[in-house]
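Chains as they are written, first to last, in this note's numbering: chain A, 32 to 358; chain B, 7 to 312; chain C, 3 to 262. For glycine and all other residues, C-beta sits at the position ideal for the given N, C-alpha and C.
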Amino acid sequence: MTRETYVNAFTLALFVAIPLWAVVADEPFTITLMTRAAIFAIAAVGLNIALGLGGLVSLGHAVFFGLGGYSMGILAYHAQTYMSLAEWPLLIEGTKSMPVIWLTAIVVSSLAALVIGILSLRTAGVYFIMITLAFGQMFFFFAISWSEYGGEDGLSIYVRNGFPGLNTLDPIQFYGLCLGLLCLVLAFAWRLANSPFGLALNAARQAPLRVETVGLDPARLRLVAFVLSGAIAGLAGALFADLNRFVSPVMFSWQTSGEIMIFVILGGVGRLFGPVVGALVFVALEHWLGGLSEFWHIYLGLLLLLIVLFARGGLIGLVAGREAVHD
Amino acid sequence: MSLILLIEQILNGLQFGIMLFLMAAGLTLIFGVMGLINLAHGSLYMIGAFCAAAVAGLTGSFLLGLIAALAGAALAGALVELVVIRRLYRKDHLDQVLATFALILIFSEGTRWLFGSFPLFLDVPDYLSGPITLPGGIQYPLYRLALIVIGLAVGLGLYLLISKTRLGVQIRAGENDREMIAALGIDIAKLYTIVFALGAALAGFAGALVGAIQSVQVGMGEPVLIMAFVVIVIGGIGSIKGALIGALLVGLTDTLGGIFLPEVMKLFFDPSTATSVGSSLASMAIYVLMAAVLVLKPAGLFGARA
Amino acid sequence: MTEQPVSATSVPQMPVLETRGICKSFGALRASQNISLDLRPGEIHAIIGPNGAGKSTLIGQICGTLKPDTGSVHLLGKDVTHDATRLRARAGLGRTFQISSLAMEDTVLQNAVLGALGASGKPWRFWKDALHDRSLTQTAEEALLRVGLEDLARHRTAELSHGQRRQLEVAVALTLRPKALVMDEPMAGMGPEGSRLLTGFLDRLRHEAPILLVEHDMDAVFSLADRISVLVYGEVIATGSVEEIRANAAVREAYLGDEA
């Protein structure tokens with residue numbers, strides 16, 4: 032086992048042990064924090080597929096996170112107001128069922144990722160960064176101006192959505208659901224990195240001309256990576272909205288895109304558990320530094336700056352050396 | 007929908023576009039010469055606005071405020087370049103994005119810490135306030151008209167700077183061939199600091215000018231920054247001409263879209279729906295424009311490279 | 003040269019790869035001027051010429067990274083002028099690069115598996131481990147064995163020496179089971195021993211896939227080539243056997259002048 036494997040195992044152990052302790056010690060807020068970390072981790076694992084494996088610096092993943100959030104918000108809103116979403120050409124009702132909501136979130140964000148991907152992958156480098164950022168802003172302003180679903184104020188959902196066989200109102204049960212999904216997503220990301228697709232995508236990041244020369248299309252590989260990445264971020268968005276029982280345009284904001292990227296970088300780009308470690312550390316910092324100072328973003332900024340300038344492997348890189356994950 | 011309203015809105019669009027141009031020109035210059043993507047450009051815009059508001063508030067002079075904005079933003083730009091940015095030129099775009107994102111966090115929170123969360127106000131000076139009557143009897147705010155004139159003058163100055171001066175020769179050399187300028191014996195480190203400070207000054211100047219018609223607050227820079235990105239994508243990276251054309255297109259599209267799309271929608275929907283659908287569509291108009299340019303010319307209207 | 007259309011009856015000697023009158027200019031620079039050449043089964047056709055003669059531009063047009071202004075490129079009798087690089091690769095065109103273009107963070111085996119994956123045409127598999135897929139690894143390992151890199155399969159490509167990277171380039175091209183190979187200076191930067199080994203290898207390889215060889219190493223060219231074309235200022239000034247080229251006055255003047 033490499034040191035990185037130990038770090039990964041330790042991280043996963045924290046995700047199990049802390050909430051269990053919180054149940055025993057009756058600290059529901061800690062469970063909420065851990066749920067937040069698990070959900071952020073899912074979004075970041077999603078981004079890491081595009082960023083770490085595909086080399087696509089997307090500053091627009093808030094689009095998918097937000098679409099996931101609004102998928103939940105809109106479906107649940109229609110369910111709680113007993114108004115159907117559409118009556119023609121077919122009747123679509125709202126729902127309070129998590130599996131249906133998740134599936135919707137995944138489908139909607141995949142479609143958005145497909146369209147945004149087709150447009151923005153016509154370019155590369157700095158253009159790609161600016162375009163993804165711009166599309167994020169488009170959704171942000173659209174959500175603000177869309178008064179039917181709360182506009183700037185967002186949408187509140189009164190009761191958390193349900194999952195068959197579980198009481199999602201119990202914090203630890205909802206957390207368990209999120210942790211389960213995180214594990215599923217991690218398993219997928221791990222298999223993906225080693226799969227034929229992952230191998231080709233990884234090569235397309237390092238030597239695109241080589242990939243073309245063996246008869247594969249780097250652009251198509253990147254597009255599929257972008258869609259998968261967006262779909263996972265969308266799932267995370269639906270969970271995040273359910274955690275807060277609230278969605279607002281803030282989920283679409285450029286800060287959200289930046290934060291998802293920070294999770295990945297804090298932990299370590301291209302490493303399987305990088306996003307997970309990053310999300311956990313971010314939530315911890317947010318909680319502790321946020322308690323110490325109203326201006327904790329200054330410290331976050333400084334930390335980020337230090338990592339970029341001096342510790343490119345992220346926190347996992349600091350602990351486990353610069354051995355990358357795909358091996 | 008009268009002709010007067012149309013002309014007024016076109017002027018508004020021009021004014022907005024010109025201010026975007028000041029932002030986009032700095033960004034595209036910095037990218038062209040140093041190959042750097044700078045997300046913190048919006049922070050420099052904000053710093054300019056805060057410097058102007060603070061100094062104008064203390065001295066009561068708008069002009070001193072403007073000078074403070076230019077100086078403050080240029081100084082902040084030079085400082086940031088010396089401490090952080092110059093370590094990023096050799097790094098990849100991801101590092102540049104992250105480091106400059108970190109700078110946004112530091113600048114925004116730092117400003118909030120210094121000035122608090124409440125917006126400051128920068129008053130339009132007496133000699134520029136009130137409406138002016140244009141030929142044809144159109145009443146238009148003098149200050150906004152002044153912004154158009156000032157912005158165009160700055161644009162002209164920038165053009166002269168780049169095409170006629172020694173610094174301009176160095177900048178153009180830097181855009182074409184980085185090894186060349188080293189071979190010419192130009193001090194690259196100094197040139198980069200100057201170019202970055204110049205871009206920062208343009209952003210700070212725009213922030214101060216716009217600060218007088220909007221409120222001066224933390225976070226004011228980023229929406230403008232992202233719009234400036236749209237401008238650059240449309241105009242083509244590294245092209246000042248592209249930045250100007252792109253900025254005017256974006257300014258006009260955004261302003262006219264916001265006014266006319268709800269009107270157009272009234273042809274299809276009842277008035278309240280039309281207003282809501284129209285304004286939703288209007289908020290997307292410039293991004294649709296950007297998407298269209300991407301489909302037709304991926305490198306932008308005046309871009310040399312994809 | 004061959005202006006008449008290729009007919010089915012001429013299959014045995016039908017050129018595998020052919021350019022017909024391709025021209026390419028960059029502004030005022032005419033990088034390719036009416037270049038017509040072909041690659042026939044079983045041969046090594048070397049392209050030589052001084053630096054800046056337009057060899058890279060020619061290769062770019064043959065492999066699809068550049069589009070000729072006029073003229074056409076034919077692969078196995080099919081016009082591929084407007085096909086992308088990857089389509090030409092799928093049709094059987096293998097290529098090695100002058101500057102190694104490999105996934106440096108990946109292992110040697112992973113690079114070779116990438117070639118096998120390209121040849122299989124099925125990259126859309128998201129779950130099964132690529133390195134445990136026998137259909138891929140077998141092809142990859144065979145290719146590595148042929149170029150003598152089998153012992154380094156688990157090493158990172160970045161750890162390879164310059165010459166070993168060249169060998170890996172060839173191995174990746176082999177995984178495609180190419181019908182024609184375009185090699186851009188495969189000997190560059192190789193030691194004498196490496197050059198000798200690679201020369202012997204290419205000598206045998208020509209019967210499997212004919213090779214269009216761009217090379218500066220004249221010893222290798224003269225010992226390997228069945229035919230040589232000399233490119234000067236974007237123009238082919240002579241094509242012929244080694245002896246013909248050695249004897250050609252124009253070539254001696256333009257290119258070999260100071261050596262002869």
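Within-9 angstroms CB hit, residue i to chain A
{"i": "His-47(B)", "result": "no"}
{"i": "Cys-65(C)", "result": "yes"}
{"i": "Gly-116(B)", "result": "yes"}
{"i": "Phe-203(C)", "result": "no"}
{"i": "Lys-97(B)", "result": "yes"}
Close-in-space but distant-in-sequence residues of the same chain around residue i (CB under 7 angstroms, 5 per side omitted)
{"i": "Ala-262(C)", "result": "Since pLDDT at Ala-262(C) reaches only 39, below the 50 mark, its modelled position is unreliable, and no value is offered."}
{"i": "Leu-94(B)", "result": "Leu-42, Asp-101, Gln-102, Ala-105"}
{"i": "Ala-222(C)", "result": "Met-189, Ser-197, Thr-201"}
Where residue i sits in the DSSP three-state scheme
{"i": "Ala-272(A)", "result": "helix"}
{"i": "Asp-187(C)", "result": "The sequence given here places Glu at residue 187(C); Asp does not occur at that position. Note: Glu-187(C) maps to coil in three-state DSSP."}
{"i": "Lys-80(C)", "result": "strand"}
{"i": "Thr-139(B)", "result": "strand"}
{"i": "His-157(C)", "result": "coil"}
{"i": "Pro-147(B)", "result": "strand"}
{"i": "Asn-36(C)", "result": "strand"}
{"i": "Gly-321(A)", "result": "helix"}
{"i": "Arg-96(B)", "result": "coil"}
{"i": "Thr-36(A)", "result": "helix"}
{"i": "His-218(C)", "result": "coil"}
{"i": "Ile-127(C)", "result": "It should be pointed out that residue 127(C) corresponds to Arg in this sequence rather than to Ile. Looking at Arg-127(C) - three-state DSSP - the assignment turns out to be coil, as it is neither helix nor strand."}
{"i": "Thr-98(C)", "result": "strand"}
{"i": "Phe-127(B)", "result": "coil"}
{"i": "Arg-90(C)", "result": "helix"}
{"i": "Glu-20(C)", "result": "strand"}
{"i": "Val-174(C)", "result": "helix"}
{"i": "Phe-166(A)", "result": "helix"}
{"i": "Thr-171(B)", "result": "coil"}
{"i": "His-92(A)", "result": "coil"}
{"i": "Leu-151(C)", "result": "coil"}
{"i": "Ile-149(A)", "result": "helix"}
Neighbour flag for residue i against chain C, beta carbons, 9 angstroms
{"i": "Leu-152(A)", "result": "no"}
{"i": "Thr-33(A)", "result": "no"}
{"i": "Leu-145(A)", "result": "no"}
{"i": "Leu-84(A)", "result": "no"}
{"i": "Leu-266(A)", "result": "no"}
CB contact check: residue i to chain B, cutoff 9 angstroms
{"i": "Leu-254(A)", "result": "no"}
{"i": "Met-292(A)", "result": "yes"}
{"i": "Gly-332(A)", "result": "yes"}
{"i": "Arg-343(A)", "result": "yes"}
{"i": "Trp-285(A)", "result": "yes"}
Within chain A, the residues that residue i reaches when beta carbons sit closer than 9 angstroms
{"i": "Met-106(C)", "result": "Gln-237, Ala-238"}
{"i": "Lys-130(C)", "result": "Arg-222, Asn-225, Ser-226, Pro-227"}
heavy atom of the ligand SAH below 8 angstroms from residue i C-beta
{"i": "Met-271(B)", "result": "Ligands are entirely absent from the displayed structure, and the ligand SAH is therefore not among its contents."}
Residues that residue i contacts on chain B, provided the C-beta gap is smaller than 8 angstroms
{"i": "Ile-105(A)", "result": "Residues of chain B passing the Cβ test: none, with the nearest at roughly 15 angstroms."}
{"i": "Phe-257(A)", "result": "Chain B residues near Phe-257(A): none, gap ~15 angstroms exceeds 8 angstroms."}
7 angstroms Cβ cut-off: residues of chain B touching residue i
{"i": "Met-169(A)", "result": "Met-290, Tyr-293"}
{"i": "Gly-156(A)", "result": "His-99"}
Neighbourhood of residue i by C-beta, 6 angstroms cutoff - its chain only, sequence neighbours within 5 removed
{"i": "Ile-13(B)", "result": "Ile-144"}
Partners in chain A for residue i, counting only beta-carbon separations shorter than 8 angstroms
{"i": "Ser-282(B)", "result": "Ser-176, Trp-177, Ser-178, Glu-179"}
{"i": "Thr-87(C)", "result": "Leu-240, Glu-243, Thr-244"}
{"i": "Glu-181(B)", "result": "Simply none; closest approach about 14 angstroms."}
Closer than 7 angstroms at the beta carbon, the chain A residues around residue i
{"i": "Arg-179(C)", "result": "Correct list: empty, because the minimum Cβ distance to chain A is about 11 angstroms."}
{"i": "Pro-117(C)", "result": "The identity of residue 117(C) in the sequence shown is Gly, whereas the question assumes Pro. Neighbours of Gly-117(C) on chain A, chain order: Val-245."}
{"i": "Gln-112(C)", "result": "Leu-230"}
Contacting residues, own chain, Cβ-Cβ under 8 angstroms from residue i (five flanking each side not counted)
{"i": "Gly-117(C)", "result": "Thr-141, Ala-142, Ala-145, Ala-173, Val-174, Ala-175, Leu-176, Thr-177, Leu-178"}
{"i": "Lys-80(C)", "result": "Ala-93"}
Contacts that residue i makes with chain B (C-beta to C-beta distance below 9 angstroms)
{"i": "Phe-359(A)", "result": "Residue 359(A) lies beyond the residue range present for chain A, which begins at 32 and ends at 358; the question has no answer from this structure."}
Contacts that residue i makes with chain C (C-beta to C-beta distance below 7 angstroms)
{"i": "Asp-248(A)", "result": "Arg-88"}
Report the residues of the segment 205-238 of chain A with a CB closer than 7 angstroms to any CB of chain C, ordered along the chain.
Arg-222, Leu-223, Asn-225, Ser-226, Pro-227, Phe-228, Leu-230, Ala-231, Asn-233, Ala-234, Gln-237, Ala-238
Which residues, in order along the segment 165-197 of chain A, keep a beta-carbon less than 9 angstroms from a beta-carbon of chain C?
none
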